[in-house]
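**Student:** Here it is: the structure, laid out below.
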């Protein structure tokens with residue numbers, strides 16, 4: 360058994376937390392960009408585009424993230440494509456995040472009254488102009504709170520990438536536990552670090568939700 364002081368444990372976990380934050384940001388930004396494309400396809404007047412997005416969202420929401428990680432990490436090499444744990448984690452989490460964000464944002468677009476679409480059409484706007492100048496600015500205000508709230512889910516979901524060997528916060532905690540055999544203080548610190556990352560986001564999402572309710576009441 361290797362002797363670790365509490366400072367050694369905390370320092371190593373803090374270093375590992377950087378990778379959790381980085382993976383979360385990449386998945387959230389990348390998933391947001393893909394989600395915007397999916398949203399545009401989802402509200403498109405073309406039926407086949409809408410059906411594709413529905414299938415895409417159902418696929419990623421209807422299967423466990425762990426299975427998606429396994430299929431990417433172990434499945435792609437069978438096709439001759441070697442992937443590292445980092446690549447598998449970023450690609451899978453980006454696609455997973457995009458499916459949920461596209462669904463969240465679609466609900467926000469649906470929350471915009473249909474009369475707004477009709478008003479844009481009466482002004483001679485094209486479908487794209489209606490989205491850009493009328494619908495999306497209104498949907499954006501509705502979407503901020505649930506989007507920030509979902510970021511908390513993305514941060515926590517990164518823990519599953521430890522299963523495929525990606526060395527983030529949870530994986531590092533497990534490695535230190537196996538070496539030092541002090542599971543309670545180590546996993547306690549891991550939990551506190553996740554809480555420190557997620558609580559400000561949760562609090563901010565609640566603040567935004569309260570502001571939205573006040574704005575609607577006015």
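Residue numbers (my numbering): 360 to 577.
Just so it is clear, CB atoms sit at the ideal spot from N, CA and C, and this is done for glycine as well.
All values derive from a computational prediction rather than experimental measurement.
DSSP state of residue 527, grouped into three classes?
**Tutor:** The answer is coil: DSSP assigns residue 527 none of H, G, I, E or B.
**Student:** Apply the 10 Å Cβ neighbour rule to residue 513 and answer buried if 16 or more other Cβ atoms are within range, or exposed otherwise.
**Tutor:** Counting Cβ neighbours within 10 Å, residue 513 comes out buried, since at least 16 surround it.
**Student:** Determine the contact status of residue 369 and residue 556, defining contact as a CB-CB distance below 9 Å.
**Tutor:** The answer is no: Cβ separation not under 9 Å.
**Student:** If I measure Cβ to Cβ from residue 397 and keep anything under 7 Å in the same chain, skipping five residues before and after, which residues do I get?
**Tutor:** The residues are 412, 415, 457, 461.
**Student:** Can you tell me where the alpha helix (DSSP H) with residue 396 in it begins and where it stops?
**Tutor:** Counting along the chain, the alpha helix (DSSP H) containing residue 396 begins and ends at 365 to 401.
**Student:** Would you kindly check if the distance between the Cβ of residue 422 and the Cβ of residue 447 is under 9 Å?
**Tutor:** It is not a contact, given that the beta carbons lie outside the stated cut-off.
**Student:** Note the first and the last residue of the continuous alpha helix (DSSP H) segment covering residue 450.
**Tutor:** Start and end: 444 to 470.
**Student:** Cutting at 7 Å between CB atoms, please list the residues of its own chain near residue 424, excluding the five before and the five after it.
**Tutor:** Closer than 7 Å at Cβ, skipping near neighbours: 455, 516, 519.
**Student:** Taking the beta carbon of residue 483 as the centre, do at least 16 other beta carbons fall within 10 Å, making it buried, or is it exposed?
**Tutor:** Burial call: exposed.
**Student:** Compute the Euclidean distance between the alpha carbons of residue 374 and residue 427, then round it to the nearest angstrom.
**Tutor:** When rounded, the distance between both Cα atoms is 27 Å.
**Student:** Could you have a look at residue 513 and say whether DSSP puts it in helix, strand or coil?
**Tutor:** If DSSP states are grouped into helix, strand and coil, residue 513 belongs with the helices.
**Student:** Kindly indicate which residue of 523, 542, 377 has the alpha-carbon position closest to the one of residue 434.
**Tutor:** The candidate whose alpha carbon is nearest that of residue 434 is 523.
**Student:** What are the boundary residues of the alpha helix (DSSP H) that includes residue 474?
**Tutor:** It spans 473 to 481 - the alpha helix (DSSP H) in which residue 474 sits, taken as one unbroken run.
**Student:** Straight-line CA distance for residue 545 to residue 564?
**Tutor:** For residue 545 and residue 564, the distance between alpha carbons rounds to 29 Å.
**Student:** According to the Cβ coordinates, are residue 560 and residue 376 closer than 9 Å?
**Tutor:** Not a contact, by the Cβ cut-off of 9 Å.
**Student:** From the DSSP output, in three-state form, read off residue 533 for me.
**Tutor:** Reduced to three states, the DSSP call for residue 533 is helix.
**Student:** In whole angstroms, what separates the C-alpha of residue 366 from that of residue 554?
**Tutor:** Distance between the alpha carbons of residue 366 and residue 554 is about 19 Å.
**Student:** What do you get for residue 656, buried or exposed, if any count of 16 or more other CB atoms within 10 angstroms of its CB means buried?
**Tutor:** The chain is shown from 360 up to 577; residue 656 falls before or after that span and cannot be answered.
**Student:** Just how far apart, CA to CA, sit residue 420 and residue 459?
**Tutor:** Cα-Cα distance, rounded: 7 Å.
**Student:** According to the neighbour-count rule (16 or more other Cβ atoms, all chains shown, within 10 Å of its Cβ), is residue 481 buried or exposed?
**Tutor:** Looking at its Cβ environment, which holds fewer than 16 other Cβ atoms inside 10 Å, residue 481 is exposed.
**Student:** Using the C-alpha atoms, what's the distance from residue 380 back to residue 386?
**Tutor:** Rounded to the nearest angstrom, the two C-alpha atoms are 10 Å apart.
**Student:** At what residues does the alpha helix (DSSP H) containing residue 492 begin and finish?
**Tutor:** Counting along the chain, residue 492 falls outside any alpha helix (DSSP H), and DSSP gives it neither H nor E.
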